[in-house]
Structure formats: C-alpha cells, structure tokens
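What follows is a short report on a single structure.
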Amino acid sequence: MAEQEPELAGLVTELQPEEEAAAAAAAHGTRPEETVTALLVVEEGGNGREEKPLEPPPDVSCSEPGGAVEDLMLGEAKESDGSEYGSCSDYGSRDKPGTTLERLVPEGNVLFPDTFKTNNLLFYERFKAYQDYMLADCKALEVKEFTAEYLEKVLEPSGWQAIWRTNVFEVLVEVVDVEYSTLKAVVRLSEPFFCETQGEAFTLECMQELLELKEHQLPLQELWVVFDESGEFDQTALAVEHVRFFYKHIWRSWDEEDDDDFDYFVRCVEPRLRLYYDILEERVPSALIEEYHSLVSQCEELYRQFLGLRNSLSGSDSDSEAENVSVVEGMKLYDRIEHLKQKLKLIENPLLRYVFGYQKHSGFQAKGARPSGTTITHVVSTTMMSSLLQCLLRDKLSQDPCNGEIEIQFHSDLLSAVNTCYEGDRIVVCPGHYVVEGMLHIADSVALEGYGLPDDIVIEKRGKGDAFLECTGADVKISSMKLIQHDAVEGILGVHQGKTTLENCVLQCETTGVAVRTSAKLLMKNSDLYGAKGAGVEIYPGSTCTLVGNGIHHCKEGILIKDFLDECYEIPKITLVNNVVHNNEGYGVVLVKPADSSLAKDGAPESLKEQAEAVQSAGDMTEVGCEGQNKLGGSRELDSCGTAGDSAKHMEDNSEIVSELSAISLKKTHLRKKRLSNLGITEADDDLMAQEMFVSITGNQFKRNGKGSFGTFLY
Numbered sequence: 042m043a044e045q046e047p048e049l050a051g052l053v054t055e056l057q058p059e060e061e062a063a064a065a066a067a068a069h070g071t072r073p074e075e076t077v078t079a080l081l082v083v084e085e086g087g088n089g090r091e092e093k094p095l096e097p098p099p100d101v102s103c104s105e106p107g108g109a110v111e112d113l114m115l116g117e118a119k120e121s122d123g124s125e126y127g128s129c130s131d132y133g134s135r136d137k138p139g140t141t142l143e144r145l146v147p148e149g150n151v152l153f154p155d156t157f158k159t160n161n162l163l164f165y166e167r168f169k170a171y172q173d174y175m176l177a178d179c180k181a182l183e184v185k186e187f188t189a190e191y192l193e194k195v196l197e198p199s200g201w202q203a204i205w206r207t208n209v210f211e212v213l214v215e216v217v218d219v220e221y222s223t224l225k226a227v228v229r230l231s232e233p234f235f236c237e238t239q240g241e242a243f244t245l246e247c248m249q250e251l252l253e254l255k256e257h258q259l260p261l262q263e264l265w266v267v268f269d270e271s272g273e274f275d276q277t278a279l280a281v282e283h284v285r286f287f288y289k290h291i292w293r294s295w296d297e298e299d300d301d302d303f304d305y306f307v308r309c310v311e312p313r314l315r316l317y318y319d320i321l322e323e324r325v326p327s328a329l330i331e332e333y334h335s336l337v338s339q340c341e342e343l344y345r346q347f348l349g350l351r352n353s354l355s356g357s358d359s360d361s362e363a364e365n366v367s368v369v370e371g372m373k374l375y376d377r378i379e380h381l382k383q384k385l386k387l388i389e390n391p392l393l394r395y396v397f398g399y400q401k402h403s404g405f406q407a408k409g410a411r412p413s414g415t416t417i418t419h420v421v422s423t424t425m426m427s428s429l430l431q432c433l434l435r436d437k438l439s440q441d442p443c444n445g446e447i448e449i450q451f452h453s454d455l456l457s458a459v460n461t462c463y464e465g466d467r468i469v470v471c472p473g474h475y476v477v478e479g480m481l482h483i484a485d486s487v488a489l490e491g492y493g494l495p496d497d498i499v500i501e502k503r504g505k506g507d508a509f510l511e512c513t514g515a516d517v518k519i520s521s522m523k524l525i526q527h528d529a530v531e532g533i534l535g536v537h538q539g540k541t542t543l544e545n546c547v548l549q550c551e552t553t554g555v556a557v558r559t560s561a562k563l564l565m566k567n568s569d570l571y572g573a574k575g576a577g578v579e580i581y582p583g584s585t586c587t588l589v590g591n592g593i594h595h596c597k598e599g600i601l602i603k604d605f606l607d608e609c610y611e612i613p614k615i616t617l618v619n620n621v622v623h624n625n626e627g628y629g630v631v632l633v634k635p636a637d638s639s640l641a642k643d644g645a646p647e648s649l650k651e652q653a654e655a656v657q658s659a660g661d662m663t664e665v666g667c668e669g670q671n672k673l674g675g676s677r678e679l680d681s682c683g684t685a686g687d688s689a690k691h692m693e694d695n696s697e698i699v700s701e702l703s704a705i706s707l708k709k710t711h712l713r714k715k716r717l718s719n720l721g722i723t724e725a726d727d728d729l730m731a732q733e734m735f736v737s738i739t740g741n742q743f744k745r746n747g748k749g750s751f752g753t754f755l756y
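Structure representation (structure tokens):
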C-alpha cells in the first residue's frame, strides 16, 4: 500500500475539482496504518472507546469562493502542490488531529463551557475572508444576500452549542437550525440550563418565555460557538466571527443608501478594516480616533432621525404646511448626514487620513501669566560642573539691568521644566542626553534654548505616543538642540496654533517631520531635518510657513503643500529661501490639490450633498503624470520624471516651481471668486497677488530627489 500512495497523490493533482474529494478519500484509505491513526479522533461513549476518521475542516481563508464544501476540505493536498494556498493562513496545522482553532477559557469560576478563540485574527485573514468568500464584488444592497450564501456553504446547520451573550445575561443554547436569509439561528435552551446575569437572576421559565417571544431565533452575531476538540465546528466558529465582526465594526446603517457603481468591498470594507487594524496597532493618533467614533455616533443618531421622518412622510398623502416643514427638515438632516459621512470617508481613507481628518487638537490650555507676575528661567541639567555654571551665569543668567534679578529654577528632567512653565518663561537646556517618555506640549509663549551646539543637546523621545513636541503658544521659540524621535504615530513637531520659531536645530524624524496646521505659523531657520517616512515638512491650508536656509533630506517627500478646495480654508502662504532639498525618495516639493474636473466645475454646488459628492468622486489620491501637469496654465513641459529635461535631474532653479504654484494659485482664486459671486458673496480684496500661495521662492536647490523637484497629487 505504501507503494501506491505516490501514484494516488499524483492522480489527485490531475483530476478536476469535482473529482478531488473522492480521490483524496481513496488516498487516505490506502495510507499506512500509522498515517491513518493520525487522522482519527478517539471518542468515549456509552459503548466504550470508538475511533472515527476526522477530515480536515474547510478553511475559509484558503479556498476558492463558491466551491463545494468537499473542495474546501482539500487544503492539505493543495498545500503539498506548492500552490498559492501554501501561503494562506491555515489557523493551525493540518497534520495534527482535532481542532485547528485555539480554546478560549473564560476567566474566573465560570460554569459555562469554553469557546473558540476567534478574536485574534490578523488583518489579512479577515481581508481574504471578506474579499474572496463572504462579500466578493457585491453591492451594498446585496451584502445580506451574499453573506447568507457564504454561511450556507460553511455553517453547520445544527448540532452545535453556543453562548448567547447580551448586555444583561449569558445563556447556553443549542442550535437546531439556521435561517440563512435572516442571518439568524433557531435555538433551544441546553440541558442542563446555564445562565449568568448582571442583575436579577433569570429562571428557566423566564428564559423560555423570552425565546418564545423571539420565536426561538437569535442573530448569529450574538452567539459564541462552544469549543469542540473534533474540529467539526471550526469553520462554523470562524464564519460566525466574520459575521459578528462585520456588523460590529464594518457595516453602517446608512450603507444601503450609498449604493453606486463601485463594489462595496473596495468602497467601504477595505478602508474601514484597515482603519480598525491601524487603530489596534496604535498607528492612528488618539484625538483622531476619538473624533472618528464621535462622528460615527453623530451620524447614526441623525440617520435614525432621518429614517423616522421619512417613514412618517411616506405614510401620509396630504400636502399640509406641517408636512412641507418636515420635508425641509428632512433635507437639512440629509445634508448634515452627507457632511458627516464625507468626514468619515476621509478618515477611513489611509491616504487622505492625515490630509483632511486631523484638524482638531486636544492639547492643554495655556496657563497665561504667573499669578505673582514674574517670569522664571528654568535650567535643565543632569549634572553640572562649576566651570559650566560660571559660563552659564555669564552667558545666559546674568542680571538684566532693566528687569532686576532673574529667578532661576533647576530641573533634571526636561518634561518637568516644560510642564511648570508660564507665559514668558525661558528654558535653558545644558549639554547632555535627555530622554523624554511623554509628550512635550508648549501652550504658552516660552523660549526653549540649548546651551551649546545642537549635537551636544540631544532630546530623545522614547515610548509609544501620539506626538513628540507640540506647540500651541502664541510665540514659541526653540533653538540649538537635536530632537530624535522613536516609536511615533505623528510627526516630530506639530505647530497647531500661534507662531513657532525653530532655529539652528537638528531633527531626526521617524514618521512625518514638521506639520504646520491650519492657522498656525512656522519660521524654520538654519536647521537640518531628515529621516521622515512621510513628508519632511507638511504645510496645511490657512497656515504661514517660512523656511530659510534649511536642509531637508532623506525623507519620503521633501515639502508637502496641501491646497484644499474648500471655502473654509485660505491658501497657505509659503516662503522658501536658500533651502537645500535633496536625496528624498519622492519629490522635493509636492502639491496636493483638487482634481482638474472638480476645479473646472462652473458655479457653486447647489447643496452640501453636491460638495460631498465632489470630494467623494475624486477617490484616492493619485499621482499626476506629464499630461495632467501640462494642463495647468503657465507650466513648462515636463518629462516623465517631473523635471524639465535631463540637466534638471540633479538640480533645478526655482522658476518651474514658481510657475506651477502661481498658475494653480491664480486658477483656484478665480474659481473661488466665481463661486462666491454666484452665491452673492463679494470680497473687498481684489488683489490677485494677495491670494497667491507663495510669498517668495528664491535661492533654493533641489538635488537628487527620486522623482524630481516638483510633483502634483490629485484628490
């Protein structure tokens, strides 16, 4: 029999899918005795020990959609063929008897049986299950139908136990049937009766009455499958988990209203799933997470109100004044819902998440002036030699004839010094290596000065956190120090409000570099920034950014300018003088702007709905090639690398960037004025130059950037 096994194994690979199950069974029947034993499960019953063969359970993550259950059970044979299935998650080893899922043991002294551990699935496991087996290319209106078809293929129709969990109680039930079309299971109470409640105890009679009211049908997402070592219910547990996760974290009650030409998985499931795992793996700022959940709650509440209003109108045929008022209220609700939905989509989109979504900052409030009316100079040093103290007294702490004596406080920790500052205080950091575990937030007008060369005053951020250094003070000054970032979610420096001056500093980044948020101002002089996985400097609309004499290099992009098409934001005002932007992976300067189709749209949108559709139709951010760039007035013809010829591959002057930004800025200004004019709104300032994006771009050098000096992205 051992000699026949290779021959039969070869036969399995040559047969069609409908013949594979029979061939696999024949192959198992001819294996040696020790191989057969590995596929048996020993069960103890009333008649003693009984051995019965165990077939591998179907793996939803590694099977073809739409195939028969018998085909799904051949994961082991397909892996041996070296096909793509070998790289899929198998939720365990097929070589071992019994279940491939782990057991989840409840905490504490609980009488309930164990359940399957399915809440630890990886992103790609859920992604593949939804994409290939559960949803495929369905529309939003077809989600329930596709889910029912998926469950019908992999779910055991009866014979398994589950724990019915609600916010009030948990009870053990037995599934006797499944209503696939409604995604519900027909259940009965298990014997013996197990029930746990948070308040008053539920008796057996009460629970039976409750089930009768529900016609013994429970939603599958409220059931947790009881663990079974045989492996027979592994796929049932996985399928129920996929449905539960989908309706808890992916599905929105308004999704059916948004059906369009794009399939539901691409439009909604994938971005929401990625956002869930980005949050789980701490790659999203906590303030943005809080804002997202708040937006979801607001949208759910407004949508409930909208449905109630729509249902009340649909049940009446009269044309009274009250109903006309209700129609107007319904339109207002609809516009508010659309506005919130667009914000949610921007946060869910991984490319646009930081471009649009994070406009709020949950920072600390400014303390203002010290109650005593005095200002203090804070000295930060771990240890200090007498010679250093003498130099420090001479250079930084000498008495000011105008202000009298200087009050000094000494700190060994920079974070404590920052947290004790009031308006007008100064922090002097002596040479040394300082480790910061938390976030440095400067909410008042404070000067943070290093005493010495930047490489001698090293401030290193350790530990996971949203940000390193954030400024919201009216006039913050940072000079002569080196900032090193580790394990960060956001950039190394965020300017959210007020003005921040950064001079003679070195910034060793990890995620993004410096972000200048809306309405904030940054003056960055004679500093060196490198290592950002995103942009070295991000300039948001409505901000003012002046970069003079800096080096920005070895980042994903050099400078990223965000030019939004929205009346709420003014264009950023930018000054670039004598900077060297070099050796970045992408472009030296990148402009993020609306697509030409949305820019060229005549007139103002008739409603918030149209504005939202304009943003939605843009889709993901895409790179503009030469054809798209040549459409902009005043721009020179660019080659495929975004540069003006071979000689510009290593270094270019500023004329190209000036012409591009000027053309885009003027074009946007004209369109903006036209929209405001159509709305009956006029502006006193008719000076076009006042609306230009840049104030001055002179003396800059752009060298060895991977894609060229200047690039444009559309959203």
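The sequence shown begins at 42 in my numbering and counts up by one. Cβ atoms here follow ideal geometry from the backbone N, Cα and C, with glycine treated the same way. Computed from a predicted structure; not experimentally measured.
Item, Value
"Where Met522 falls: helix, strand or coil (DSSP)", "coil"
"Own chain partners of Ser453 with C-beta closer than 6 Å, once the 5 adjacent residues on each side are dropped", "Thr423"
"Sequence-distant residues of the same chain with beta carbon closer than 7 Å to Gln4, five excluded per side", "The question about residue 4 has no answer here: the residues shown for the chain are numbered 42 through 756."
"Spatially closest choice to Glu626 from Val212, Pro582 and Ala576, by CA coordinates", "Ala576"
"Unbroken stretches of the alpha helix (DSSP H), 4 residues or longer, contained in the stretch 449-524", "455-460"
"Pick from Glu370, Val369, Asn352 and Arg313 that is closest to Leu387, judged by C-alpha positions", "Arg313"
"Where Val209 falls: helix, strand or coil (DSSP)", "coil"
"The alpha helix (DSSP H) enclosing Ile320, as first and last residue numbers", "Glu311 to Leu321"
"9 Å Cβ cutoff met for Ser520 and Ala488", "yes"
"Rounded straight-line distance, which links the Cα of Gly491 to that of Arg435", "15 Å"
"Glu186, buried or exposed, once every other Cβ within 10 Å from all chains shown has been counted against 16", "exposed"
"Residue nearest to His623 in terms of C-alpha spacing, selected from Phe735, Glu197, Lys744 and Leu430", "Lys744"
"3 or more residues per run - each beta strand (DSSP E) lying fully within the stretch 541-579", "547-549, 555-557, 562-566 and 569-571"
"Spatial distance of Thr553 from Arg167 (CA atoms)", "29 Å"
"Buried or exposed (CB count within 10 angstroms, at least 16 for buried), Thr244", "exposed"
"N- and C-terminal bounds of the alpha helix (DSSP H) containing Leu336", "Ser327 to Ser355"
"Alpha carbon of Tyr463 to alpha carbon of Thr416, nearest angstrom", "7 Å"
"Residues bridged to Gly752 (per DSSP)", "Val631"
"Bridge-paired residues (DSSP) for Leu601", "Glu579 and Val631"
"Proximity test, Arg167 beta-carbon vs the ligand HEM heavy atom, cut-off 8 Å", "This structure lacks the ligand HEM, and indeed carries no ligand of any kind."
"Beta-carbon proximity check, Ala226 vs Ala242, cutoff 9 Å", "no"
"Bridge-paired residues (DSSP) for Ser584", "According to DSSP, Ser584 bridges with nothing at all."
"Between the CA atoms of Gly473 and Leu534 - distance to the nearest angstrom", "21 Å"
"Leu224 versus Val184 - alpha carbon distance", "11 Å"
"Where Asp535 sits in the DSSP three-state scheme", "Note that residue 535 is Gly in the sequence shown here, rather than Asp. Reduced to three states, the DSSP call for Gly535 is strand."
"Secondary structure, alpha helix (DSSP H): runs of 4+ residues fully inside the stretch 186-271", "245-254"
"Sequence-distant residues of the same chain with beta carbon closer than 7 Å to His257, five excluded per side", "Val227, Val228 and Arg229"
"DSSP state of Phe287 mapped onto helix, strand, coil", "helix"
"Residue span of the alpha helix (DSSP H) that contains Lys169, given as start and end", "Phe164 to Lys169"
"Reference Leu261; option with closest CA among Glu322, Ser271 and Glu197", "Glu197"
"Own chain, CB closer than 6 Å to Gly740, minus 5 neighbours either side, in chain order", "Val618 and Asn619"
"Terminal residues of the alpha helix (DSSP H) in which Gln431 lies", "Ser427 to Asp436"
"Coarse secondary structure for Val306, derived from DSSP in three states", "Sequence inspection shows Phe at residue 306; the Val mentioned does not correspond to that position. Note: Phe306 maps to helix in three-state DSSP."
"Cut-off 8 Å between Cβ atoms - residues of its own chain near Gly240, not counting five sequence neighbours on either side", "Val209"
"For Leu146, the first and last residue of its enclosing beta strand (DSSP E)", "The sequence shown places Val at residue 146, rather than the Leu named in the question. Per DSSP, Val146 belongs to no beta strand (DSSP E) and is neither H nor E."
"Leu617: first and last residue of the uninterrupted beta strand (DSSP E) it sits in", "Lys614 to Val618"
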